[in-house]
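Residue 815 is where the sequence shown starts when you use the numbering used here, and the numbers rise one by one after that. Ideal placement from N, C-alpha and C gives every residue a C-beta, glycine not left out. Notes for the one structure printed next.
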Amino acid sequence: MFKKLLILIIIFWVSCFSANAFEYAYAPNGYKYVIHKHSESSYQHAWCSAHKGIEEYENKDKTRVDCLTEYHAVEFDFANKWAESIGQALHYQLMTGKKALVVLILEEPEKEKVYYHRVKKLGKIHGFDVEYVTMDILNLDENGKCPYFDCKCHRKENNHSSSSE
Ligand SMILES: [Zn+2]
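Laid out in structure tokens, this is it:
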């Protein structure tokens, strides 16, 4: 009995202090979300224009590919959504006939690269491509703002409730 209690306390203690890769915040309704500095669409704009792709390409079933390039149907996601990104990319591959490419956004590459390696390993086994981007692709100005005015970095402060992206 005492042993069991001790184990529970240790598990609780470890889970409290183990490193967490993501920074969380709470919306007024109690919804927990991960804080990102820039909008997913900003990374999408930067990468897709650099690769001369078509953004928001619409499939026959009305789903939209984040970026369609000559070779790839691309899905962008922040690292915390690594699992969903694979499902979406594979669906876009089926719809477009182009190879699925997951581009994971690593705002804190040191901490988040583990998710890239995880998806990369699955890509090798299941036949899809994986890349990552960091904030470097955004060409930030001296205030840390990116060139995309619809990005959350240009919104006024205290407006975090809509930032579940
Ligand atoms: Zn931005």
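Find the nearest neighbour of residue i within the set the options, judged by alpha-carbon distance.
i              : options                   : result
proline 923    : Asp950, Thr910 and Lys970 : Asp950
lysine 912     : Lys966, Ser899 and His886 : His886
serine 853     : Leu952, Glu956 and Met909 : Leu952
glycine 937    : Asn843, Asp955 and Leu918 : Leu918
isoleucine 849 : Lys935, Tyr838 and Lys966 : Tyr838
leucine 908    : His931, Asn873 and Ser899 : Asn873
lysine 876     : Thr910, Glu898 and Tyr845 : Thr910
Who are the Cβ neighbours of residue i in its own chain at under 6 Å, not counting the five residues just before and after it?
i             : result
leucine 920   : Ala893, Glu926, Tyr946 and Thr948
histidine 859 : Tyr962
valine 944    : Val916, Val933, Lys934 and Gly937
valine 879    : Tyr871, Ala887 and Tyr906
aspartate 778 : Given a span of 815 to 979 for the chain in the structure shown, any question on residue 778 remains unanswerable.
aspartate 964 : none
histidine 940 : none
So, for residue i: in the same chain, excluding its five sequence neighbours on each side, which residues have a beta-carbon less than 8 Å away from its beta-carbon?
i              : result
asparagine 903 : Looking at the sequence itself, residue 903 is alanine, so the reference to asparagine does not match. Taken in chain order, the residues that qualify are Ala887, Val888, Glu889, Ala914, Leu915, Val916 and Phe942.
Are residue i and residue j closer than 7 Å when you measure CB to CB?
i             : j              : result
cysteine 881  : glycine 867    : yes
histidine 905 : threonine 883  : no
tyrosine 847  : tryptophan 896 : no
Look up residue i in the DSSP assignment and say whether it is helix, strand or coil.
i              : result
alanine 897    : helix
isoleucine 919 : strand
tyrosine 840   : strand
glutamate 956  : coil
cysteine 862   : helix
For residue i, I'd like the list of residues in its chain whose CB is within less than 7 Å of its CB, leaving aside the five on either flank, ordered along the chain.
i                 : result
phenylalanine 836 : Val848 and Asn894
cysteine 862      : Glu869 and Cys881
*Is there contact between the region 841-858 and the region 880-899, where contact requires at least three CB pairs shorter than 8 Å?*
Judged by Cβ distances under 8 Å, the region 841-858 makes contact with the region 880-899, as three or more pairs qualify.
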